[in-house]
Amino acid sequence: MSQFDFLQPKSRQIEIEQFDDRILTYVLEREQSFLTCISCGGCTATCSAGNLTSFNVRKIGLSLRRGNINDLSDEVQKCMFCGKCTLVCPRDINIRNVVLLIKKGIAQLETEKTL
Amino acid sequence: MVLTFRCIKWIVGLSKFDKIRLFKSIRSRRLFQSIKETFMEALLHRKIFRKNPVLGYMHMSLAFGWFLLIVVGHLETMIAEHSLFVPFHKAVFFRYYEGFDEFFLSGLFSFLMDFLLLFVLSGLMFAIVKRFRKKLFGLRRTTHLKSGDKIALTSLWLIFPLRLLAESTSAAVYHNGGFLTSGVGAAIDFIGNPAIFYYPLWMAYSLSLGFFFVALPNSRYMHIPTEVVFIFLRVAGIRLKKQNDSYTDVQVFSCSRCGICLDKCQLSVAGIDDSQSVYLLKNIRNKNLSDEKLFNCLMCGRCQVDCPVGIETIELRTVQRIESTREYNSSYDYLIQEVATKADVVYFAGCMTHLTPRVISSMKKIFATAEEDVWFMDEVKAPCCGRPLMLAGQYEAARKLIENNSRMILDSGAHTLVVSCPICYKVFKEDYKLPDVEVVFHAQYIYDLIHSGKLSVDTSNQRMVYHDPCELGRGMGMYETPRKLLGRIGEVVHMKDEKEYAFCCGGSLGNLKISEDKRKLLRDQALVTYEGFSPDILVTACPKCKKTFAAGRKLKVFDLAEIVAGAICVDSLSKEKEILEKQEADCYAVEGL
Amino acid sequence: MLEKNYNNRLQFMIDKKHIAIIGGGIAGQEAASVLTGLGYKVTILEKNERMGGMLNKWSKLFPDFSSSQLVLDAVKVATDKNLNVICNADIFSVQKENGRFKLSDNSSLDVYADAVIMSTGYNLFDATLKEEYGYGVFENVITSADFEKVHKSGEKLTTADGKAPRRVAFIHCVGSRDAKTGNTYCSKVCCITGVKQAIEVTQMWPECEVFNFYMDLRLYGSKYDALYLEAQKHHKIQFIRGRLSEVSERQGKELQLKAEDTLQGRPLRMKTDIVVLLIGMEACKQNEDLCRDNALELDENRFFKSKNIYNHRNSSTQSGVFLAGSCICPMSVNESLESARSAAMLVDKSLKVQER
Chain A
1 MSQFDFLQPK
11 SRQIEIEQFD
21 DRILTYVLER
31 EQSFLTCISC
41 GGCTATCSAG
51 NLTSFNVRKI
61 GLSLRRGNIN
71 DLSDEVQKCM
81 FCGKCTLVCP
91 RDINIRNVVL
101 LIKKGIAQLE
111 TEKTL
Chain B
1 MVLTFRCIKW
11 IVGLSKFDKI
21 RLFKSIRSRR
31 LFQSIKETFM
41 EALLHRKIFR
51 KNPVLGYMHM
61 SLAFGWFLLI
71 VVGHLETMIA
81 EHSLFVPFHK
91 AVFFRYYEGF
101 DEFFLSGLFS
111 FLMDFLLLFV
121 LSGLMFAIVK
131 RFRKKLFGLR
141 RTTHLKSGDK
151 IALTSLWLIF
161 PLRLLAESTS
171 AAVYHNGGFL
181 TSGVGAAIDF
191 IGNPAIFYYP
201 LWMAYSLSLG
211 FFFVALPNSR
221 YMHIPTEVVF
231 IFLRVAGIRL
241 KKQNDSYTDV
251 QVFSCSRCGI
261 CLDKCQLSVA
271 GIDDSQSVYL
281 LKNIRNKNLS
291 DEKLFNCLMC
301 GRCQVDCPVG
311 IETIELRTVQ
321 RIESTREYNS
331 SYDYLIQEVA
341 TKADVVYFAG
351 CMTHLTPRVI
361 SSMKKIFATA
371 EEDVWFMDEV
381 KAPCCGRPLM
391 LAGQYEAARK
401 LIENNSRMIL
411 DSGAHTLVVS
421 CPICYKVFKE
431 DYKLPDVEVV
441 FHAQYIYDLI
451 HSGKLSVDTS
461 NQRMVYHDPC
471 ELGRGMGMYE
481 TPRKLLGRIG
491 EVVHMKDEKE
501 YAFCCGGSLG
511 NLKISEDKRK
521 LLRDQALVTY
531 EGFSPDILVT
541 ACPKCKKTFA
551 AGRKLKVFDL
561 AEIVAGAICV
571 DSLSKEKEIL
581 EKQEADCYAV
591 EGL
Chain C
1 MLEKNYNNRL
11 QFMIDKKHIA
21 IIGGGIAGQE
31 AASVLTGLGY
41 KVTILEKNER
51 MGGMLNKWSK
61 LFPDFSSSQL
71 VLDAVKVATD
81 KNLNVICNAD
91 IFSVQKENGR
101 FKLSDNSSLD
111 VYADAVIMST
121 GYNLFDATLK
131 EEYGYGVFEN
141 VITSADFEKV
151 HKSGEKLTTA
161 DGKAPRRVAF
171 IHCVGSRDAK
181 TGNTYCSKVC
191 CITGVKQAIE
201 VTQMWPECEV
211 FNFYMDLRLY
221 GSKYDALYLE
231 AQKHHKIQFI
241 RGRLSEVSER
251 QGKELQLKAE
261 DTLQGRPLRM
271 KTDIVVLLIG
281 MEACKQNEDL
291 CRDNALELDE
301 NRFFKSKNIY
311 NHRNSSTQSG
321 VFLAGSCICP
331 MSVNESLESA
341 RSAAMLVDKS
351 LKVQER
C-alpha cells in the first residue's frame, strides 16, 4: 500500500498555523527591513556562495517566513558575508544582517535547548 | 595598594613573549621613550591639545598641575625638613604641619605652590563648565557617568577647593601662605575665627583626597595610572592578539573619556550615538556589550586617528566581534579546488568589483595595452577574499576561504597579484601567506606600468576630487600613490579633510546593523563637501565607494582605473586593439565559428 | 436679449484670457487644442527645437502597434491668432505677480498668463547608474529607448558588429521599484513596453529566442493581457521570474547574464547576444526649478504634486497652475491625452469662476 502514500501528503504541506516562528521573531525584532522582501531573486542571482554551491539566499528568507527552521541552519552556514546581496536588493533590506541574526538566533536556540 | 596589585595582575597576564618584550624594553633605550611619552601624553596631553586646545588645557592643568604640586611640594618639604626622606603624609599636608617656621626659599615655594594650585583650579573650572555646557568646548556630546564615577568625580572636584580653603585657613593662622592662600585666608579671617575652621577643613580635605584614591580603582579615573602602563607596554612592542588578554584590558582601562572619538564619529549624523568607541570600551568593562552596538560601527578608523591615548579602537572591536561569533564559524566544506591557469600576473577583481564592470573592462584594457600575461582569477567564480567575513568577526571561517584562494594563486605560478578593491588588498597583504608573490594594489601597479614606459597616458585639465577609501587610506596607509597616478592625468583638488581625516562613504562592510536610509545620510554628508569644491568628477579607488557615491546622483564617479583607461595614449591604443582582435580571432577559432 | 448680452460679455472676457502651457509634447498640444477651441488665447512654450516631446522618439504604440506618428499628427494644432508656439524656450521660473503669472527663461523671454498648464513630461532613467547591467560598458547592452530608435528607422536590430542576434533578453524594472536608484515607485508602462518590444524583435528575426526577466508582470491596461497571451502563443517568448543581478562580457562580446529562476528556485546563467533594459520614467530635473518661486510642490517621487489625487488630480498646489500628462506620474499615451483634456476643462472652469 506504500505506493499510495502520495494520497496523504501531510508532510509536504506548509501548515501556516503550526510554523515555528521563534527565529523569525528574533530576526524581525532586530531587522525590520526584512518585512518588505518580494522574493525577486536578485540576491540569489548575485551571491558569491551561490556561484559555488547550491546556496539560495531568497529561499532562506522564505524558509524563515514560513517557519521552516530545519533547512535553515544547514543552509545559512554557506554564506560568505561578502555583502553583494545587500548591494543589489531593490527593497533596501540588510540581508547580511538577517543572515548574521539567523546564525545567532539558531545558536541561542541550541544553548537554550541544552540548558 | 589596589593599583599596584592591578598592575602586577596585568603584567603577569601577558603572554611569555610579551613579558620578555616588556623587560627588554625597560633595559633598553626604549625606557626613555616610554618616559618621554608618559610625560608628553599622560601629563601634558599634547595630542588632546592639538585637537582641541581648551580641552587639552583642562586635562593638562589637572594632570600636570597636580603632578607638579606633588613634586614641588615634596621638594619644599625636603628643604624645610633638611632631609632627603620625608614621610609621605608630611609632604601632602605640608601646610598643616609647617606652622610659623621659615626656611630657605619658603617665600618662593609659597608662591609656586599657590600658582600651581590656581593652575589646577582653573582647569577644574573648565571641567565643571564642560560637564554642564559641553557645546562651549566644541564637543557635540560627552560621556555619560555611572554612579560610582559620580562619587569619584565629586570627591575629585572637592579636593582642590578644599585644599585651597584648608591652606588658606593655615595661612590665616600661621601667615605661611602665598598670594592666593593669604588672600582667601584674609577673607576667612573676616568671616570668623579661622581657628574654628582649621581642623574641620583639613579633615575634609584629607577625607576627600582619601575617598578619591579609594574610589579610583573602581572608577573611570583608573585611566590615569593605566595609561602609564599602556605606554610602557606599547613602546615595548606588544600588540593585540585575536582574543582577549591582559593587553586588551590595559587598553580598555586606559580610556580617559575625553570624548574626541565621539566628535569624530560620523554615525552621529545618522542619529546613532550609543555604539562609538568610548561606549564600546565602557561596555567591555561592564561586560554588557550587545551585538547591536558591537556590529554597529563602520570600522572606518576615524576615531583611532585622533585618540590621544593611542587606543587601538578598531582592533579592539575586531577582537570583540571574534569573541561574539566564535560559536558559529562555518566550515565552507563546499569549496573545491579549481584548476589554476599559468600566468605571470594574477588579477583578483573581488566580489564588489563584479558589480562595477566598468572597472573590470578598464583593467582588461590596461593589461592588454601593457601586454601583461594575466590570469583573471575570479572572472567566472571564486570565493570571496575573506575580509568581509573577518569584519563580521568570523576569522576562523575566513581561514578556509584564504586557503582555497591561496592554493589557486600559488598554483598559477604568478609572481604578482593585482587587486582593484582595497578590502581585498588589506586581507591579501595582512592575512594571506603567499611566498614569492607580491601583492600590488592596482593604483601602484598602473603607476609602475606608466613609470616603466609600458603604458602612456594623455594629460587633461580635468579637476578631480579624490576620495580616500577607508580600507585603503586609514586601513593600509596608502594616500599618495593614487594621487600621484591621478596627478599624471589631471588635477587633484587638495581638501582639508582628506587622507587620514577623510570621510567614510557610508557603504562600509564593517557595519552590519545600519539601515540603508542611514547610510544615505553619511553618503550625502561626504558628497555635499565634495560638491563644494566644484570638481569635474569624483574619483575613488574602491568599488563599494564608487557604487555608494554614484547612487547619490550628485557627481559623476569613476574608479581610478577608468580614468587611466580613458586617458591611454592613441599609439598604445592601436597596439591594444591588435591584441584584442587577435584574442577574439583565437576564441572564434576555438568555438569553430 | 439679456442672455445674448451676457454671452457676448462672456465671450469678450474669454477672448481676453491668456493661458501659457509649459511643454509642447502631446499633453501640452492636446490641452492647447481644447482651449483654443473654447476661444482662449494660448502660448505653448517648448524647450526643444520642435514639438512632440518624448513621443517623437517612439515607433509603434502598445497594445495595438499603432504608429506614434498618428497621435503626433492628431494633436497638432494650427497656429493662428489664438495659438502661439515658442520653441527653444526653457522656462525655469513661474511667479505670480498682481494676479497674473510671469514665466521666464534664461534669455529675455517673459510671458504673462492668467493660467498655466504644466505639461513638462518625463525623463528616462539613465541606465549607466545601474552599472552592474553594463550599459555604456558593453556595446550589446541597450535600452528600450535605443530599441525604439532602431525600430523607427526601419532597420533591424543587430549586435554591435552587425550580426543578427540569436537571442535577446529583456530586463524589466530597470530604475523602477529599486531603492538603490532612488526610485521606489513602479513606472507602470515598461512591462507592456517589454512585451511589445519582445514581439517586435521576433517580427524582425523570427528565429531569434527572446527572454523577458521580470519581478512582476504589471499589465494593467485594456488589451495588455491579450498582448501577453499573443506573445506566449504566437511568438514563443519566454518569461522568467527573476531579477537580473549582473551582466558580464565573455570573449567575442557575447553577454553572460546572472539571474535566478525563482519559480524553479535555481540560479540561471545564460548567454545572450543583446540585452535590452526596460528603463523607467523619472520626473524632469527642471521640475525643481519650476517650484522655486511659487506654491508648487513636488511629491516624494519628484513629480508634481496634485492638490488631491482623486478629484483634483490636474490641479497643482498653486492655484492657477494646472498639471497635464506624465509630469504628474508615469502614464501611457492615451492617459496623457485624457489628462490634458481634463486639465484644459479645469482651466476653463476656473477662469469662468474667476470672472463671476
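For the protein sequence lines, the chains are A, B and C, in the order given.
FYI, this note's numbering numbers position 45 of the first sequence as 45, with every residue one higher than the one before it.
FYI, this note's numbering numbers position 338 of the second sequence as 338, with every residue one higher than the one before it.
FYI, this note's numbering numbers position 11 of the third sequence as 11, with every residue one higher than the one before it.
Just so it is clear, CB atoms sit at the ideal spot from N, CA and C, and this is done for glycine as well.
DSSP bridge partner residues for residue i (one or two, in chain order)
i: W375(B); result: V346(B)
i: Q238(C); result: F211(C)
i: S104(C); result: S93(C) and D110(C)
i: Q320(B); result: Looking at the DSSP assignment, Q320(B) forms no beta bridge with any residue, so it has no partner.
i: R95(B); result: DSSP lists no partner for R95(B).
i: S306(C); result: S316(C)
i: R167(C); result: E209(C)
i: L124(C); result: M281(C)
Element boundaries [alpha helix (DSSP H), containing residue i]
i: P200(B); result: P194 to A215
i: H451(B); result: H442 to H451
i: D146(C); result: S144 to K152
i: N286(B); result: S277 to N286
i: D74(A); result: I69 to E75
i: I260(B); result: I260 to K264
Burial state of residue i (16 or more Cβ within 10 Å)
i: K16(C); result: exposed
i: Q18(A); result: exposed
i: T459(B); result: exposed
Simplified DSSP state of residue i, which is helix, strand or coil
i: I106(A); result: helix
i: I20(B); result: helix
i: T154(B); result: helix
i: R269(C); result: strand
i: M478(B); result: coil
i: F558(B); result: strand
i: T43(C); result: strand
i: F503(B); result: coil
i: N51(A); result: helix
i: Y135(C); result: strand
i: Q286(C); result: helix
i: E491(B); result: strand
i: N56(A); result: coil
i: A340(B); result: coil
Backbone CA spacing between residue i and residue j [nearest angstrom]
i: K352(C); j: L346(C); result: 10 Å
i: V590(B); j: E254(C); result: Because V590(B) carries a pLDDT of 49, less than 50, the predicted location of this residue cannot be relied on, and the following value inherits that uncertainty. The alpha-carbon atoms of V590(B) and E254(C) are separated by roughly 15 Å.
i: K426(B); j: G475(B); result: 7 Å
i: A27(C); j: C329(C); result: 13 Å
i: P194(B); j: G148(B); result: 34 Å
i: I284(B); j: C297(B); result: 15 Å
i: N244(B); j: S48(A); result: 32 Å
i: S248(C); j: F132(B); result: 59 Å
i: F103(B); j: Q276(B); result: 54 Å
i: I106(A); j: K554(B); result: 43 Å
i: F230(B); j: Q33(B); result: 13 Å
i: V76(A); j: M464(B); result: 43 Å
i: L593(B); j: E29(A); result: Its pLDDT being 40, under 50, L593(B) is placed unreliably by the model, and the measurement read from it follows with that caveat. Distance between the alpha carbons of L593(B) and E29(A) is about 57 Å.
CB contact below 8 Å: residue i versus chain E
i: G42(A); result: You won't find chain E in this structure, because its protein chains are A, B and C.
Where the beta strand (DSSP E) through residue i begins and ends
i: K429(B); result: Segment P422 to E430 is the alpha helix (DSSP H) holding K429(B); no beta strand (DSSP E) there.
i: L157(C); result: Note, L157(C): premise wrong, no beta strand (DSSP E); not H, not E.
i: D80(C); result: Run containing D80(C): none; DSSP gives neither H nor E here.
i: I537(B); result: I537 to T540
Any non-hydrogen atom of the ligand GTP within 7 Å of residue i CB
i: L75(B); result: Among the components of this structure there are no ligands whatsoever, and the ligand GTP is therefore not found.
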